[in-house]
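Sequential numbering of the sequence shown, starting at 1, is according to the UniProt record's numbering.
C-beta: ideal position from N, C-alpha, C; glycine also.
This structure is a prediction, so every number in the text was calculated from the model and none was measured.
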Amino acid sequence: MSSPFDETSEDENRKPRSLDEKEVTVLGLWETREAAQADGPIEEVALVLRDGRGRRLSVHIGPFESMAIHNALQKVAPERPLTHDLLRNLIEKLGGRLSRVVIDDLWQGTYYAKLHIEREKAPALEIDCRPSDAIALALRFRAPISVAEHVLVEAAESE
């Protein structure tokens, strides 16, 4: 039985490219401004990554995603599992391991990422997700985070 959730969120106009991935580290989270929303202002946060050459990538994320990343960076263990902790537990209980995450595209101002999950007795999986979720999970698994070279170049050009 198929589900509407089986569909990828990727636009069909996006074309696969050579990634030439660069490993990055999380520099931190910075509040940038309040963004107007229909139900009031919300805080916008910049998640800043840096590659080995010192190039920075700033990804704007929401307050809930920033809390998940902040908790992982500070090694805060919640009393009960939050969403990213639940996902980590689920992946592990199903015999999987997050081997890496890749921010692989920048399309019309939106970053795209992939989770790379290895499984014990099954083919590896590549799952489309938001970069903030990918990074929140990577920090929990201590998995490497990479960015495609073309994304680093395009992001620098758009600033």
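Practice prompt. Could you have a look at Val-76 and say whether DSSP puts it in helix, strand or coil?
Written response: coil
Fill in: Secondary structure of Glu-120, DSSP reduced to three states
coil
Discussion item. Assuming the contact rule is C-beta atoms closer than 8 Å, Ser-66 and Val-45 should be a hit. Round their C-beta distance to whole Å, please.
Written reply: 4 Å
Fill in: Test item: CB-CB of Leu-57 and Ala-155 under 8 Å
yes
Discussion item. For Arg-142, report the span of its alpha helix (DSSP H) as first-last.
Written reply: No alpha helix (DSSP H) holds Arg-142; DSSP gives it neither H nor E.
Worksheet item: In whole angstroms, what is the alpha-carbon distance linking Glu-23 and Pro-144?
Response: 7 Å
Worksheet item: Cβ atoms of Asp-51 and Leu-137: under 8 Å apart, would you say?
Response: no
Worksheet item: Can you tell me whether Asp-133 is buried or exposed, with buried defined as 16 or more other CB within 10 angstroms of its CB?
Response: buried
Worksheet item: Secondary structure at Leu-137, three-state DSSP: helix, strand or coil?
Response: helix
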